[in-house]
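Take the sequence shown: its letters are residues 807 to 985, numbered as in my numbering.
From the three backbone atoms N, C-alpha and C, an ideal C-beta is built for every residue, glycine too.
Please read these numbers as outputs of a predicted model, since none were measured by experiment.
One structure is given here, and the rest of the page talks about it.
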Amino acid sequence: GLENIPKSGPFLICPNHASFLDAPMLYAVLPSRIIANAFGLGYSDYWKGPISRRVAEFFKIVAVDSDLNLVRALQVAAMGLRQNEVLVMFPEGTRSIDGRLTEFKKGAAILACELGVPIVPVGIKGTFKAWPRGGGLKLYPLEVVFGPAIDPRLFADASDPYAALTAELHDKVNGLCNF
Numbered sequence: 807g808l809e810n811i812p813k814s815g816p817f818l819i820c821p822n823h824a825s826f827l828d829a830p831m832l833y834a835v836l837p838s839r840i841i842a843n844a845f846g847l848g849y850s851d852y853w854k855g856p857i858s859r860r861v862a863e864f865f866k867i868v869a870v871d872s873d874l875n876l877v878r879a880l881q882v883a884a885m886g887l888r889q890n891e892v893l894v895m896f897p898e899g900t901r902s903i904d905g906r907l908t909e910f911k912k913g914a915a916i917l918a919c920e921l922g923v924p925i926v927p928v929g930i931k932g933t934f935k936a937w938p939r940g941g942g943l944k945l946y947p948l949e950v951v952f953g954p955a956i957d958p959r960l961f962a963d964a965s966d967p968y969a970a971l972t973a974e975l976h977d978k979v980n981g982l983c984n985f
């Protein structure tokens, strides 16, 4: 589904999140033109050490604690999108405990609706089996599938555009993962 990725930003890439392998696998298949203009939000506790800080800098990961500072996280994300960057954002907010898709937060929908930028839904399969939460790393086939971009303008007339777009994104990612 690489043909579903817009040629340039701004837009959001929103995959499911089941493992620490999700982001590396996503970046492994993204075209270099997208990686060059991509940034992500990452939970601040993971980026405190000297090595992890360098990894965060290299991959343009903005360390935030969205539980404590959600408004700041959205402001940082909006600033990058306004500069025609591509935001990689896991709408579940955290890794799945059992590998199944969980509830999506509204952050991606808020950004997409307010800035008028599309969201590319992504299904990542196999990473939970390869490296489950609390488990060890093992060999398992992995697959990354990109769906068609979702235009947030299609939800402008909904009674709650953020909720409607979030539900659509969840459905699309779920379909790409075949959960």
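The region 864-892 contains, as complete alpha helix (DSSP H) runs of 4+ residues, the segments 876-888 (chain order).
In this model, ALA834 and THR972 are separated by some 26 Å (Cα to Cα). Restricting attention to ALA936, ILE819, VAL868, the CA atom closest to the CA of PHE952 is found in ILE819.
When C-beta atoms of the region 883-897 are compared with those of the region 912-923, three or more pairs fall below 8 Å, so the two segments count as touching.
Contact annotation: ASP871 and SER850 have beta-carbon atoms nearer than 9 Å. Taking PHE934 as reference, the option from PRO812, VAL950, GLY815 with the minimal CA-CA separation is VAL950. Per DSSP, the continuous beta strand (DSSP E) segment holding LEU847 begins and ends at 844-849. A straight-line Cα-Cα distance of about 22 Å links GLY846 and ILE903.
VAL923 carries a coil assignment under DSSP once its states are collapsed to helix, strand and coil. The DSSP-derived three-state label of LEU945 is coil. It is roughly 23 Å from the alpha-carbon of PRO958 to the alpha-carbon of LEU836.
Annotation: the continuous beta strand (DSSP E) that includes PHE817 extends over 817-821.
In the three-state reduction of the DSSP assignment, GLY905 falls in the coil class, being assigned neither a helical nor a strand state. Taking each of TYR852, PRO856, LYS813 in turn and checking the Cα distance to SER838, the smallest one comes out for LYS813. In the three-state DSSP reduction, GLY932 falls in the coil class, being neither helix nor strand.
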